[in-house]
Amino acid sequence: MATTEFGRTVRRWRDRVPPEAAGLPVGGHRRAAGLRREELALLAGISVDYVTRLEQGRAANPSEQVVEALGRALRVSGDEREHLFRVAGLVAPGRGTVPGYITPSVQRMLDRLTGTPVAVSDAAWTLLLANPLYIALMGERHGRERNGAWRNFLGAGTRVRHTPESRRALETAVVSDLRATALRYPADLRLRRLIADLRAGSERFAELWDSGAVGHQEASRKTVDHPEVGSLTLDCDVLSVAGSDLRIMVYTAEPGTEDAERLALLAVVGTQALAERG
């Protein structure tokens, strides 16, 4: 019963989110003003098939991560988030766990940055939300690949080009930051499981963790090797949100450069692909 109500709720709330509010193109014939399933799946970082099965009541017991991701993509309020967890048969994460809720004010700010690649991660560097231009720049990420620590130590890596020095600095900063997060949220079982899996699966991670290595994320220039528009060298700034422990990663290009032109081209090429997919 809860799963059926959950599916109906997701379907109903999907209809009320206009695609332009999420920075998505409004191309082609649309039967409804809201998000398509493909668009909701893209924004939430889950498969279209799973969204379909959830809405139709054919998938039971959505995980806490899936419910949280769908809530963010649907732009829910605090009370609506509680309701979404309740109809999924779950209790919304409380204090002592890594917060993943994006407030409406932060969401509105992100919705207005349509011409800039922007992503929001939690304190454990798990990707919570990315706008279409960021997805076009970095590619879609699903499952454990949405966590930056997992991706860099055990996963497929990223499109960002690294020197040996920049790679070492990144790894040290990620481990140091993850250790600090674990101290702030000792009750978060998912975070503890992530750290345990990283220590077991990556000798490099285990070495840095056990040595107590210290580093921090800095604003930097990064070169992204994109398969369609070529390489782009962009400024990358990581902003924090007071009171939420969220990290907003923003990529910008210096005006008047080839990188700015390629980023503008990517905004067309990437969003056009989304429109055609729908």
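Numbering of the sequence shown is given in UniProt numbering, commencing with residue 1 and proceeding in unit increments. Quick reminder that beta carbons are idealized off the backbone N, C-alpha and C, glycines included. Since we're looking at a predicted model, the values are computed, not measured.
*Best match in 122, 76 and 5 for proximity to residue 56 [C-alpha to C-alpha]*: 5
*As assigned by DSSP and simplified to three states, the class of residue 67*: helix
*the stretch 150-164 touching the stretch 188-202, judged by at least three CB pairs closer than 8 Å*: yes
*Which residues does DSSP pair with residue 248 in a beta bridge?*
120 and 239
*DSSP three-state assignment for residue 232, whether helix, strand or coil*: strand
*Would you mind stating whether residue 99 and residue 244 have Cβ atoms separated by less than 8 Å?*
yes
*Minimum C-alpha distance to residue 86 - residue among 61, 137, 202 and 102*: 61
*Take residue 136 and list the residues in its own chain whose beta-carbon comes closer than 6 Å to its own, dropping the five residues that flank it on each side.*
266 and 270
*What do you reckon, are the CB atoms on residue 17 and residue 45 nearer than 8 Å?*
no
*asked:* Quick test of your reading: residue 51 and residue 40, contact by CB under 8 Å. State the CB separation rounded to the nearest angstrom.
replied: 6 Å
_Proximity winner among 213, 126, 166 and 228, relative to residue 191 (alpha-carbon distances)_ = 126
*Hey, quick one: how far does the alpha helix (DSSP H) through residue 176 stretch, first residue to last?*
164-184
*Go through its chain and collect everything with a Cβ distance to residue 264's Cβ below 7 Å, but skip five positions before and after it.*
none
*For residue 77, write down the residues that DSSP places opposite it in a beta bridge.*
In the DSSP output, where bridge partners are listed per residue, residue 77 has none listed.
*Would you kindly work out how many angstroms separate the C-alpha atoms of residue 262 and residue 256, rounded to a whole number?*
11 Å
*Alpha carbon to alpha carbon, what distance is there between residue 233 and residue 258?*
9 Å
*Start and end of the beta strand (DSSP E) containing residue 221?*
220-226
*Work out the CA separation of residue 164 and residue 239 for me, nearest whole Å.*
25 Å
*Using DSSP with H/G/I as helix, E/B as strand and the rest coil, what is residue 44?*
helix
*Cβ-Cβ distance between residue 171 and residue 204 below 8 Å*: yes
_Bridge-paired residues (DSSP) for residue 126_ = 147
*Taking only the alpha-carbon atoms, compute the straight-line gap between residue 12 and residue 47 and give it to the nearest angstrom.*
19 Å
*Just the C-alpha distance for residue 108 and residue 268, rounded to the nearest angstrom, thanks.*
22 Å
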